[in-house]
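Chains as they are written, first to last, in the working numbering: chain P, 3 to 177; chain Y, 3 to 155.
Below is one structure, written out as structure tokens, with a few remarks after it.
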Amino acid sequence: DRVSTQSTGVHLYCVFRTDRSARIRRERMIFNFYIFSRNGTCLYYEEWNIPKEGRTPKAIQEEQKLMFGLLYSLRGFITKTSPKPCETFTYYKTSRYKLHYLETPTGLKFVLNTDKDAPTMTDELKKLHQEYYVEYALKNPLYKLGEPLGACEGFNSRVINFLTSHPEFKRRVVH
Amino acid sequence: INAEYGGHTKFIEASMVVYSLYVISKSGGLIYQQDYDNIPRLGMNERILLGSTFHGLHAITSNLSPVSGSSGIELLETDTFKLHCYQTPTGIKFYLIAEPSHPDLFQTLLSIYKCYTDFVLKNPFYELDQPIRCELFDVELEKLLSSSPPSVK
């Protein structure tokens, strides 16, 4: 990668950096957010940044059921595997995404999928529970427990706003 | 951490404890399992069940990915342990249960895979996808993963 040019008797060496990793742009993304009730009903679901082909409402519903099944089985697996008593996990990571998890004492499950390099979102999940769910859904006299939360306007708009304006939502990070 | 211990000093590596290793075949069966530290001993049947459960979970997490082309679980973190998994190009899964504060175990998993290719696959008496009963494999892994601190005279 060195080019030498002669100019008035002076050699100029230019070193070109061909380190490709310096130019890889990674996208930080939040993909989707689920809230499951204790018995497996999906109370809330929103998705962003996911390619739309083939995602019928039926497919999304099937995916939600699969997600709950996974969380339920993971719980059993963790309880058996753990050297000390433990029933829940903080997150898991694969080669392409990271799933952040929070289970409340009442059995509500909050699930957030982000790209694999995102930092821990436990605080965000706690905030979603305490500042949004408890305040705008639980304390809403018109909201009945166990019903889908999409209709709960105060909750819905605030959650979407919070997640879409989060710094991890969609940004290009150049390493 | 240097610990003064009755006149001798021992180097204790904090948070470098690996609790156990599980090796799952391509079809989901448990072919090797070993504990390297004091954890509650599970029965053989329970371990086989855990191995198969993990095989299923690994496959589902790959399917549930919001983006295409994802692998299964590579890292799972809880309050009491951390699970690191490596799936080889041939479909064998090696997964380690370690302390939650343990740094990345990817290199360790690759070393385990290397031990597997050297002492299991090259063993003429070993049949693929069968439970691993190769003494040299046990010995090498013990050296690699045992948490007994080296004593300094």
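The C-beta atom is built at its ideal place from N, Cα and C for all residues, glycine as well.
Only a predicted model underlies this, so the values are computations on that prediction, with no experimental measurement involved.
Practice problem: Would you identify the three-state DSSP class for P:His-102, choosing helix, strand or coil? | Solution: If you number the first sequence from 1, residue 102 of chain P lands on position 100. Strand.
Quiz item: Should P:Leu-45 and P:Phe-35 be called a contact, given that it needs their Cβ atoms to be closer than 8 Å?
Solution: The sequence position of residue 45 of chain P within the first sequence is 43, counting from 1. The sequence position of residue 35 of chain P within the first sequence is 33, counting from 1. The answer is no: Cβ separation not under 8 Å.
Quiz item: Can at least three beta-carbon pairs, one atom from the segment 49 to 59 of chain Y and one from the segment 23 to 32 of chain Y, be found at a separation below 8 Å?
Solution: yes
Practice problem: Give a yes or no on whether 8 Å exceeds the smallest Cβ distance from P:Cys-44 to chain Y. | Solution: As a first step, residue 44 of chain P is located in the first sequence; it is residue number 42 there, counting from the start. Chain Y, which has no Cβ nearer than 8 Å to the Cβ of P:Cys-44, makes this no.
Self-check item: Proximal residues, the segment 66 to 91 of chain Y versus chain B, C-beta separation under 9 Å
Solution: The structure shown contains no chain B; the protein chains it does contain are P and Y.
Quiz prompt | CA-to-CA distance, Y:Ser-72 to Y:Asn-65, given in whole angstroms | solution = As a working note, residue 65 of chain Y is residue 63 in the second sequence. As a working note, residue 72 of chain Y is residue 70 in the second sequence. Spanning the two alpha carbons is a distance of roughly 8 Å.
Quiz item: What residues match up with P:Tyr-36 in a beta bridge as DSSP calls it?
Solution: The residue you call residue 36 of chain P lines up with position 34 of the first sequence. P:Tyr-36 pairs with P:Tyr-47, P:Val-113.
Exercise. Could you work out which residue in P:Lys-128, P:Leu-140, P:Val-136 is closest to P:Thr-92 when comparing CA atoms only?
Key: Within the first sequence, the letter at position 90 stands for residue 92 of chain P. Comparing Cα-Cα distances from P:Thr-92 to each of P:Lys-128, P:Leu-140, P:Val-136, the minimum goes to P:Lys-128.
Self-check item: Sheet register partners of Y:Tyr-97 (DSSP bridge)
Solution: Here residue 97 of chain Y refers to the residue found at position 95 of the second sequence. DSSP, once it has assigned bridges, lists Y:Tyr-24, Y:Cys-87 as partnering Y:Tyr-97.
Practice problem: Can you check the segment 22 to 88 of chain Y for any beta strand (DSSP E) of at least 3 residues that lies completely inside it and give the ranges in chain order? | Solution: 32 to 37, 77 to 80
Self-check item: Close-in-space but distant-in-sequence residues of the same chain around P:Lys-195 (CB under 8 Å, 5 per side omitted)
Solution: This structure cannot speak to residue 195 of chain P, because chain P is shown only from 3 to 177.
Quiz item: What is the rounded straight-line gap between the Cα of Y:Glu-48 and the Cα of Y:Asp-140?
Solution: Mapped onto the second sequence, residue 48 of chain Y falls at position 46. Mapped onto the second sequence, residue 140 of chain Y falls at position 138. For Y:Glu-48 and Y:Asp-140, the distance between alpha carbons rounds to 21 Å.
Practice problem: Tell me, to the nearest whole angstrom, how far the beta carbon of Y:Leu-112 is from that of Y:Tyr-97; I am working on the premise that it is less than 8 Å. | Solution: Sequence index remark: in the second sequence, residue 112 of chain Y carries index 110 (1-based). Sequence index remark: in the second sequence, residue 97 of chain Y carries index 95 (1-based). 13 Å between Cβ atoms; not a contact.
Self-check item: Closest Cα partner of Y:Ile-114 within the set Y:Phe-127, Y:Leu-138, Y:Glu-101
Solution: If you number the second sequence from 1, residue 114 of chain Y lands on position 112. Minimum Cα distance to Y:Ile-114 is reached at Y:Leu-138.
Quiz prompt | Sheet register partners of P:Lys-95 (DSSP bridge) | solution = By 1-based counting over the first sequence, the position of residue 95 of chain P is 93. In DSSP, P:Lys-95 forms a bridge with P:Lys-100, Y:Leu-77.
Quiz item: Does the segment 90 to 110 of chain Y touch the segment 20 to 28 of chain Y, meaning 3 or more C-beta pairs lie closer than 8 Å?
Solution: yes
Quiz item: Among the residues of its own chain, which have a CB less than 7 Å from the CB of P:Glu-170, if the five just before and after it don't count?
Solution: The residue given as residue 170 of chain P occupies position 168 in the first sequence. So the list reads Arg-30, Ile-32, Thr-116, Ala-120, once near-sequence residues are dropped.
Quiz item: Hey, out of P:Pro-143, P:Asn-158, P:Ala-153, P:Leu-144, whose CA is closest to P:His-131's CA?
Solution: For the purposes of this step, residue 131 of chain P is taken as the residue at position 129 of the first sequence. For P:His-131, the nearest C-alpha among the options comes from P:Asn-158.
Quiz prompt | Burial state of P:Gly-148 (16 or more Cβ within 10 Å) | solution = Numbered from 1 along the first sequence, position 146 holds the residue referred to as residue 148 of chain P. Exposed, since its Cβ has fewer than 16 Cβ neighbours within 10 Å.
Quiz item: With distances taken from CA atoms, which of P:Glu-155, P:Leu-144, P:Glu-133, P:Ser-84 is nearest Y:Arg-43?
Solution: As a working mapping, residue 43 of chain Y is identified with position 41 in the second sequence. Among P:Glu-155, P:Leu-144, P:Glu-133, P:Ser-84, the Cα nearest to that of Y:Arg-43 is on P:Ser-84.
Practice problem: Would you decide whether P:Gln-63 is buried or exposed? Buried here means 16 or more other CB atoms lie within 10 Å of its CB. | Solution: Reading the first sequence from its first residue, position 61 is the one you call residue 63 of chain P. Exposed.
Quiz item: Would P:Val-161 be called buried (16 or more neighbouring beta carbons within 10 Å of its own) or exposed?
Solution: As a working mapping, residue 161 of chain P is identified with position 159 in the first sequence. Buried: at least 16 other Cβ atoms inside 10 Å.
Quiz item: Buried or exposed: which applies to P:Lys-60, given that a residue is buried once 16 or more other Cβ atoms fall within 10 Å of its Cβ?
Solution: The residue given as residue 60 of chain P occupies position 58 in the first sequence. Counting Cβ neighbours within 10 Å, P:Lys-60 comes out exposed, since fewer than 16 surround it.
Quiz item: Do you know how far the Cα of P:Arg-40 is from the Cα of P:Pro-107?
Solution: The sequence position of residue 107 of chain P within the first sequence is 105, counting from 1. The sequence position of residue 40 of chain P within the first sequence is 38, counting from 1. About 10 Å.
Quiz item: What does P:Phe-33 touch in chain Y if you count any residue whose Cβ is under 8 Å from its own?
Solution: Along the first sequence, read from residue 1 onward, the residue named residue 33 of chain P stands at position 31. Simply Pro-68, Val-69.
Practice problem: Have a look at P:Arg-79 and P:Asn-51 and give me their C-alpha separation to the nearest angstrom. | Solution: Within the first sequence, numbered from 1, the residue matching residue 79 of chain P stands at position 77. Within the first sequence, numbered from 1, the residue matching residue 51 of chain P stands at position 49. According to the sequence provided, residue 79 of chain P is Phe. The question's Arg does not apply to it. Answer to the nearest angstrom: the Cα atoms are 31 Å apart.
Exercise. Just the C-alpha distance for Y:Leu-146 and Y:Leu-107, rounded to the nearest angstrom, thanks.
Key: Numbered from 1 along the second sequence, position 144 holds the residue referred to as residue 146 of chain Y. Numbered from 1 along the second sequence, position 105 holds the residue referred to as residue 107 of chain Y. Approximately 12 Å, taken between the alpha carbons.
Quiz item: How close, in whole Å, do the beta carbons of P:Thr-122 and P:Glu-105 come, if the pair is a contact with beta carbons under 8 Å?
Solution: Indexing the first sequence from 1 puts residue 122 of chain P at position 120. Indexing the first sequence from 1 puts residue 105 of chain P at position 103. 15 Å between Cβ atoms; not a contact.
Quiz item: Which chain P residues sit within Cβ distance under 7 Å of Y:Glu-144?
Solution: Within the second sequence, residue 144 of chain Y is the residue found at index 142, counting from 1. Result: empty, since nearest Cβ-Cβ is about 19 Å, beyond 7 Å.
Exercise. Kindly indicate which three-state DSSP category P:Arg-158 falls into: helix, strand or coil?
Key: In the first sequence, counting from the first residue as 1, residue 158 of chain P sits at position 156. The sequence given here places Asn at residue 158 of chain P; Arg does not occur at that position. If DSSP states are grouped into helix, strand and coil, P:Asn-158 belongs with the helices.
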